[in-house]
Amino acid sequence: MKKNTLTITISAMLMLLCIVITGCKCDNKNGKNYQIKDNVIVFDEPQRVDGQASMLEFAAEPMPVVRVGFIGLGMRGPDAVYRMTFIDGVEIVALCDLLPENVEKVQRDILEAKGLPRAAEYVGETAYEQLCERDDIDLVYIATNWQTHVPMAVYAMQHGKHVAVEVPAATTVEDCWKLVDVSEQTRKHCMMLENCTYDFFEMTALNMAKLGMFGEVIHAEGAYIHNLEPYWHEYQGNWRLDYNQKHGGDVYATHGLGPVCQVLDIHRGDKMDYLVSMSTPSYNGKKIAKEMMGTDDFANGDMTTTMIQTHKGKTILIEHNVYTYRPYNRLYQLTGTEGFANKYPIEGFTLMEKNLPEGFLEEGQHLNVHGFVPKDVRDKILKEYLHPVAKNVEELAKQVGGHGGMDFIMDYRLIYCLQNGLPLDEDVYDAAEWSCIGDLTRASIDNHGMPVQVPDFTRGDWNKVQGYKHAMK
Ligand SMILES: NC(=O)c1ccc[n+]([C@@H]2O[C@H](COP(=O)([O-])OP(=O)(O)OC[C@H]3O[C@@H](n4cnc5c(N)ncnc54)[C@H](O)[C@@H]3O)[C@@H](O)[C@H]2O)c1
């Protein structure tokens with residue numbers, strides 16, 4: 001056999017082997033898991049295997065008592081343990097962290113302080129495996145660094161546990177597929193803990209959107225703009241700066257994207273089709289990395305801006321900036337054909353009088369369609385149109401707290417849905433769709449803002465459910 005023929009044969013065999021092993025077509029030319037087709041970047045999509053079925057609207061058997069094991073007790077995790085102590089029918093069975101002092105602090109300051117029994121302890125890098133192997137845990141709650149979310153979530157599901165995992169659930173498209181596939185194979189929930197969908201303003205605006213008070217919502221904006229300068233030193237082992245130093249793209253898109261996807265019924269009647277993304281160079285990120293890591297390289301641009309178009313032609317703008325000196329901002333803007341909602345920097349609505357019930361406005365009061373509704377009208381709207389899901393637990397949520405109460409509503413809903421055998425508010429497809437943005441935007445930025453197709457993680461089922469809603473018993 002000639003040398004050229006031999007090389008081609010070996011390449012073809014390697015490609016075939018790759019397809020057999022991963023179930024996807026790898027583009028060996030660029031060494032990446034995407035191809036460029038008609039000037040659009042298309043990521044590989046693995047096939048469903050035998051015995052694997054959709055998790056759309058999946059509900060597990062009701063479990064009156066939910067037994068929870070927590071992995072990751074750094075800045076975020078202990079607050080989750082604390083919040084769970086306020087929910088009836090929750091047992092805190094096990095705690096796990098790399099560091100023994102983090103576990104002890106939660107035992108002492110949260111469990112013992114509330115007169116609850118100490119939980120089983122797991123300490124060390126792979127100790128989470130033993131926690132997941134226990135047969136007295138229903139839910140594994142993961143609040144570790146991004147790099148460990150997927151192996152932990154996969155291991156937990158493969159050992160018969162439902163999973164709740166912090167944001168982003170995964171950092172690559174490939175890992176998003178892994179979460180979808182393992183959830184579909186094991187029939188276990190995999191919820192990403194996107195708390196901003198439970199913020200009081202977002203919940204009010206979602207409720208109003210579903211009631212048609214903005215007309216048709218045609219454009220939405222969301223962001224994560226938060227100068228992390230005071231926190232960079234706090235992440236265990238410098239995981240966050242280390243990740244951003246190595247990765248461009250919108251690496252933390254879920255807080256901005258999640259709430260607007262619920263309004264736009266993503267994979268419940270519409271889907272994200274493609275995106276384009278651009279990024280500035282790194283200025284401040286570079287400075288911090290020089291100080292903390294002694295490197296001159298920094299992949300993540302200071303400001304990343306992404307436009308997404310949906311199948312119905314609607315548009316979403318997403319921004320990411322954790323480096324420059326700006327007030328905290330998640331944007332949260334909804335533009336409808338008959339109204340507008342805006343959270344940052346000023347909470348407000350623009351509405352048409354015809355979309356408010358008769359008698360809602362004071363006698364002789366009129367709305368200006370060029371401006372926000374007056375403050376008294378806004379306050380009345382925020383009170384009266386708060387989503388029933390938030391209204392039910394408003395007082396307790398504000399008392400327990402967690403970003404003003406939204407974190408508590410999130411945990412409360414997770415447990416409520418498990419206890420009542422209902423589909424969760426955020427399914428594994430939400431987790432994948434909102435988390436894949438990091439990898440997709442990176443590919444677009446690396447290719448001069450080239451469009452990137454957003455994978456359909458439902459594999460064609462995105463139009464089966466009509467309209468986003470919270471399940472109630
Ligand atoms: N939703 C929100 O509003 C919000 C806010 C803050 C953080 N987060 C998310 O929470 C997660 C944790 O962030 P953080 O700020 O608490 O970081 P952190 O560094 O303070 O805490 C991470 C913890 O995970 C532990 N850990 C690491 N590897 C482990 C392993 N193999 N086994 C067990 N424990 C391990 C570390 O020891 C540390 O205690 C991240 O995913 C982050 O994005 C979400």
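The sequence shown begins at 1 in this note's numbering and counts up by one. Built from N, CA and C at the ideal position, the CB exists for glycine as well.
Subject >> Whole runs of the beta strand (DSSP E) within the stretch 157-204, excluding any shorter than 3 residues >> reply: Runs of the beta strand (DSSP E) inside the stretch 157-204: 162-165 and 190-192.
**OP:** Indicate, with yes or no, if ligand 1 has a heavy atom lying under 7 angstroms from the CB of Gly192.
**Re:** The residue you call residue 192 lines up with position 192 of the sequence shown. Reading off the sequence shown, one finds Met at residue 192, where the question assumed Gly. The answer is no for Met192.
Subject >> Coil, strand or helix - Asp273 by DSSP >> reply: Within the sequence shown, the letter at position 273 stands for residue 273. Strand at Asp273.
Original post:
Could you give the distance in angstroms between the alpha-carbon of Gly401 and the alpha-carbon of Met450?
Top reply: By one-based count along the sequence shown, residue 401 stands at place 401. By one-based count along the sequence shown, residue 450 stands at place 450. Roughly 42 angstroms separates the two Cα atoms.
**OP:** Rank Ala156, Arg459, Trp146 and Thr172 by C-alpha distance to the C-alpha of Met135 and give the top, closest one.
**Re:** In the sequence shown, the residue the question calls residue 135 occupies position 135. The amino acid at residue 135 is misidentified as Met; the sequence shows Asp. Comparing Cα positions, the closest option is Ala156.
**OP:** Assign His233 to buried or exposed, taking buried as 16 or more other Cβ atoms, counted over all protein chains shown, within 10 Å of its Cβ.
**Re:** To locate residue 233, count along the sequence shown from 1; it is residue 233. Its Cβ having fewer than 16 others within 10 Å, His233 is exposed.
Original post:
Under a three-way DSSP split, which group does Leu6 fall into?
Top reply: Mapped onto the sequence shown, residue 6 falls at position 6. Low local confidence applies: a pLDDT of 42 at Leu6 is under 50, so the model's placement there is unreliable, and no value is given.
Original post:
Roughly how many whole angstroms lie between the Cα atoms of Leu382 and Glu202?
Top reply: Taking the first residue of the sequence shown as 1, we reach residue 382 at position 382. Taking the first residue of the sequence shown as 1, we reach residue 202 at position 202. When the Cα atoms are used, Leu382 and Glu202 turn out to be separated by approximately 10 angstroms.
Original post:
Opposite Cys96 in the DSSP bridges: which residues?
Top reply: Taking the sequence shown and counting its residues from 1, the one referred to as residue 96 is at position 96. Beta-bridge partners assigned by DSSP to Cys96: Ile71 and Tyr122.
Original post:
Based on the DSSP output, what are the partners of His318 in its beta bridges?
Top reply: For the purposes of this step, residue 318 is taken as the residue at position 318 of the sequence shown. One point to set straight first is that residue 318 is Ile, not His, in the sequence displayed. Paired residues: Gly222 and Thr306.
Subject >> Minimum Cβ-Cβ distance from Leu361 to chain D less than 8 angstroms >> reply: Of the protein chains in this structure there is only one, and it is not chain D.
Subject >> Distance cut-off 7 angstroms: Leu98 Cβ against heavy atoms of ligand 1 >> reply: Locating residue 98 in the sequence shown gives position 98, where the first residue counts as 1. Leu98: yes, Cβ under 7 angstroms from ligand 1.
**OP:** Name the one or two DSSP bridge partners that Asn447 has.
**Re:** The residue you call residue 447 lines up with position 447 of the sequence shown. None; Asn447 has no bridge partner.
**OP:** Compute every distance between the C-beta of Val167 and the non-hydrogen atoms of ligand 1, then say whether any falls below 7 angstroms.
**Re:** Taking the sequence shown and counting its residues from 1, one reaches residue 167 at position 167. Here the distance from the Cβ of Val167 to the nearest heavy atom of ligand 1 is below 7 angstroms.
Original post:
Tell me which same chain residues have a C-beta within less than 7 angstroms of the C-beta of Gly124, skipping the five on either side of it?
Top reply: Your numbering for residue 124 matches position 124 in the sequence shown. Taken in chain order, the residues that qualify are Leu98.
**OP:** With a 10 Å radius around its C-beta and 16 neighbouring C-beta atoms as the bar for buried, classify Arg83 as buried or exposed.
**Re:** As a first step, residue 83 must be located in the sequence shown, where it is residue number 83. With 16 or more other Cβ atoms inside 10 Å of its own Cβ, Arg83 counts as buried.
Subject >> Nearest-angstrom Cα separation, counted from Cys436 out to Gln245 >> reply: Your numbering for residue 245 matches position 245 in the sequence shown. Your numbering for residue 436 matches position 436 in the sequence shown. Near 19 angstroms, if we compare the C-alpha coordinates of Cys436 and Gln245.
Original post:
Near Ile87, what residues of its chain come up, given a Cβ to Cβ distance below 7 angstroms and the 5 sequence neighbours on each side ignored?
Top reply: As a first step, residue 87 is located in the sequence shown; it is residue number 87 there, counting from the start. Cβ within range, chain order: Asp411, Tyr412 and Ile415.
**OP:** Determine which residues share a DSSP beta bridge with Gln333 and list them.
**Re:** By 1-based counting over the sequence shown, the position of residue 333 is 333. Bridge partners of Gln333: Glu221 and Asn342.
Original post:
Excluding the five sequence neighbours on either side, which residues of its own chain have a C-beta within less than 7 angstroms of the C-beta of Asn420, listed in chain order?
Top reply: Here residue 420 refers to the residue found at position 420 of the sequence shown. Result list for Asn420: Pro62 and Lys473, in chain order.
Subject >> Same chain, Cβ closer than 6 angstroms to His159, neighbours up to 5 away in sequence not counted >> reply: Walking along the sequence shown from the start, residue 159 turns up at place 159. Answer for His159: Cys132 and Glu133, listed in chain order.
**OP:** Would you be able to state if there are at least three C-beta pairs under 8 angstroms between the stretch 387-405 and the stretch 44-63?
**Re:** Not touching, per the Cβ criterion.
**OP:** Could you check if Glu433 is buried or exposed, using at least 16 other CB atoms within 10 Å of its CB as the buried criterion?
**Re:** Counted from its first residue, the sequence shown places residue 433 at position 433. Glu433 should be labelled buried.
Subject >> Start and end residues, beta strand (DSSP E) containing Leu139 >> reply: Walking along the sequence shown from the start, residue 139 turns up at place 139. Where Leu139 is concerned, the enclosing beta strand (DSSP E) stretches over Leu139 to Ile142.
**OP:** With DSSP collapsed to three states, give me the class of Gln52.
**Re:** For the purposes of this step, residue 52 is identified with residue 52 of the sequence shown, where counting begins at 1. DSSP places Gln52 in coil when its eight states are reduced to three.
Subject >> Inter-residue spacing [alpha-carbon to alpha-carbon] between Gly515 and Ala53 >> reply: Here the chain has residues from 1 to 473 only, and residue 515 is not among them.
Subject >> Continuous beta strand (DSSP E) stretch holding Leu386: start and end >> reply: Numbered from its first residue, the sequence shown carries residue 386 at position 386. Careful: Leu386 lies outside any beta strand (DSSP E) and carries neither H nor E.
**OP:** Kindly confirm or deny that the stretch 255-269 and the stretch 284-292 touch, where touching means at least three C-beta pairs closer than 8 angstroms.
**Re:** With a cut-off of 8 angstroms, the stretch 284-292 and the stretch 255-269 do not count as touching, because too few Cβ pairs lie within range.
**OP:** Tell me whether the beta-carbon of Asn321 lies closer than 8 angstroms to the beta-carbon of Tyr344.
**Re:** In the sequence shown, the residue the question calls residue 321 occupies position 321. In the sequence shown, the residue the question calls residue 344 occupies position 344. No, the Cβ-Cβ distance between Asn321 and Tyr344 is not below 8 angstroms.
Original post:
Can the beta-carbon of His219 be found less than 8 angstroms from the beta-carbon of Thr335?
Top reply: Here residue 219 refers to the residue found at position 219 when the sequence shown is read from its first residue. Here residue 335 refers to the residue found at position 335 when the sequence shown is read from its first residue. Yes, Cβ-Cβ distance for His219 and Thr335 is below 8 angstroms.
Original post:
If you pair each beta-carbon of the stretch 454-473 with each one of the stretch 263-277, do three or more pairs fall below 8 angstroms?
Top reply: At 8 angstroms Cβ cutoff, the stretches touch.
**OP:** Starting from the C-beta of Ala120, find all residues in its chain whose C-beta is less than 7 angstroms away, skip the five residues before and the five after it, and write them out in chain order.
**Re:** As a working note, residue 120 is residue 120 in the sequence shown. Once the five neighbours on either side are set aside, the close Cβ partners of Ala120 are Val93 and Ala94.
Subject >> DSSP beta-bridge partners of Val106 >> reply: Within the sequence shown, the letter at position 106 stands for residue 106. None, per the DSSP bridge assignment.
Original post:
So does the stretch 391-406 actually touch the stretch 363-381, counting three or more Cβ pairs closer than 8 angstroms?
Top reply: In this structure the stretch 391-406 does not touch the stretch 363-381; the number of beta carbon pairs closer than 8 angstroms is below three.
Subject >> Closest residue to Ile316 among Val217, Thr171, Glu129 and Ala169 (Cα-Cα distance) >> reply: Mapped onto the sequence shown, residue 316 falls at position 316. Nearest C-alpha to Ile316 among Val217, Thr171, Glu129 and Ala169: Val217.
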